[in-house]
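Residues in the sequence shown are numbered from 1 upward in steps of one, following this note's numbering.
C-beta: ideal position from N, C-alpha, C; glycine also.
Here the structure comes first, spelled out in structure tokens, and everything after it is commentary.
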Amino acid sequence: MFLFQDVMVDWYQNFKRDLPWRNTRNPYKIWLSEIILQQTRVDQGLPYYEKFISHYPTVFELANADEQEILNDWQGLGYYSRARNLHKTAKEIVALYNGVFPDNYQDLLKLTGIGPYTAAAISSFAFDEVKAVVDGNVYRVLSRFYDIEEAIDSTTGKKNFDKLANELIDSTQPATYNQAIMEFGALQCVPVNPNCEICPLRMQCLSFKNKTIALRPVKTKKTKTTLRYFVYEIKVNKSNKFILEKREGKGIWQGLYQFPLKEFVSQVEKDHYIENLKSDFVSKEYKHILSHQRILATFVLGKMEHSDLNANQIEVRIEDFSDFPVPRLMDKFWEENYAVLMN
Ligand code: SF4
1 MFLFQDVMVD
11 WYQNFKRDLP
21 WRNTRNPYKI
31 WLSEIILQQT
41 RVDQGLPYYE
51 KFISHYPTVF
61 ELANADEQEI
71 LNDWQGLGYY
81 SRARNLHKTA
91 KEIVALYNGV
101 FPDNYQDLLK
111 LTGIGPYTAA
121 AISSFAFDEV
131 KAVVDGNVYR
141 VLSRFYDIEE
151 AIDSTTGKKN
161 FDKLANELID
171 STQPATYNQA
181 IMEFGALQCV
191 PVNPNCEICP
201 LRMQCLSFKN
211 KTIALRPVKT
221 KKTKTTLRYF
231 VYEIKVNKSN
241 KFILEKREGK
251 GIWQGLYQFP
261 LKEFVSQVEK
271 DHYIENLKSD
281 FVSKEYKHIL
291 SHQRILATFV
301 LGKMEHSDLN
311 ANQIEVRIED
321 FSDFPVPRLM
331 DKFWEENYAV
341 LMN
């Protein structure tokens, strides 16, 4: 007899990847892996996971660390708010729970920075709670297997998918089943051109039967992308120190450092500004894509004025540059142009 749950678990036992966070019941390690893997590929996230486990072996080391140190370790992974929230939540677990993670979904949800997905992952993987973990992979598998037309990003859609996932969960082995369906979505029922010919669900899969695979899952909202025009001015003084400023406020890259930045509302305004600077060095234009923003950034060598620094600015020795957490965009520019600029 066909049982969806058994097929998932059998497939998982045969094809799962050997990943370090799968060999532990430690809620701290599971939590770390889940936060690192949000919006990040496994191969990209793996070295960060290992770095964090080695620098902060328990929630206490993470809570007591300096935010700048954590941001430095996070550098290159993007979505820095995740690192700041990680720190905040670690402090909360130490302050309110003596460093012991709550052992159930409802109590985990009470923590700042832990949403339904992460709470379900920790409670099921670490404590075997019968709670379905519903990530993008699970949405895709379920919407295809049942050929569901309802949008996964609508309020009722989310509720209904969550209900279905919780009805399907194998209550005898929730942790393994949750891992199995997520892994199945990541490796077998992939977003584009899944290899259905070798799929163990093929005979029962309604999307396969109805030829709607490419249409599932359905999403309603289109992401609006904003274009932003940046000019970074690199200012180096006679003692080879340059100005870095710390980004403040609520926008992107909060708490990270950057060369003094000017932002323009259009490409024309930006080009005009660069032209007037008559700088000795103007970089190529760097395109940097974030989830809702596309940034067009140019780096120029600016003039060093003898004015006081703003409150958020500091002078930094060139050899100390790597001590400061910077956005990936700046890091990339620095890697490519360091030699030219230092001549
Ligand atoms: S048959 Fe294809 S679409 Fe259906 S579950 Fe398998 S891989 Fe996904």
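Kindly indicate the opening and closing residues of the beta strand (DSSP E) around residue i.
i, result
"R317", "Q313 to R317"
With residue i as the anchor, note down where its alpha helix (DSSP H) starts and where it stops.
i, result
"T225", "Counting along the chain, T225 falls outside any alpha helix (DSSP H), and DSSP gives it neither H nor E."
"Q293", "Looking at the DSSP string, Q293 is not in any alpha helix (DSSP H); the run it does join, the beta strand (DSSP E), is Q293 to L301."
"G251", "No alpha helix (DSSP H) contains G251, which DSSP labels as neither H nor E."
"V192", "No alpha helix (DSSP H) holds V192; DSSP gives it neither H nor E."
"L96", "S81 to Y97"
"S322", "Neither: S322 is in no alpha helix (DSSP H) and is coded neither H nor E."
"A119", "P116 to F127"
"V340", "R328 to M342"
"K68", "Correcting the residue type first, residue 68 is Gln in the shown sequence and not Lys. Segment E67 to W74, the alpha helix (DSSP H) holding Q68."
"I181", "P174 to L187"
"V59", "V59 to N64"
Who pairs with residue i in a beta bridge, going by DSSP?
i, result
"F242", "V236 and V316"
"F264", "Y229"
"F282", "The question names Phe, yet the displayed sequence has Val at residue 282. For V282, which the question treats as bridged, DSSP gives the partners V300."
"I289", "R294"
"Q204", "Note: Q204 sits in no beta bridge, so no partner."
"Q258", "E245"
Can you have a look at residue i and say buried or exposed, based on whether 16 or more other CB atoms are within 10 angstroms of its CB?
i, result
"V268", "exposed"
"P47", "exposed"
"A214", "exposed"
"I289", "exposed"
"T89", "buried"
"E335", "exposed"
"T225", "exposed"
"R317", "exposed"
"R171", "Just to set this straight, residue 171 is Ser in the shown sequence, not Arg. It is exposed - the Cβ of S171 has fewer than 16 other Cβ atoms within 10 Å."
"F230", "buried"
"L256", "buried"
Legend entry - Nearest-residue set for the ligand SF4, Cβ under 7 Å from any heavy atom: V141, R144, F145, Q188, C189, P194, N195, C196, C199, L201, R202, C205, S207, F208 and I213
Legend entry - Contained alpha helix (DSSP H) runs [length at least 4] in the segment 5-44, N- to C-terminal order: Here the runs fully enclosed are 27-37.
Inset, instruction - Within the segment 132-158, note down every full alpha helix (DSSP H) run reaching 4 residues or more, in order along the chain. - result: Here the runs fully enclosed are 136-145.
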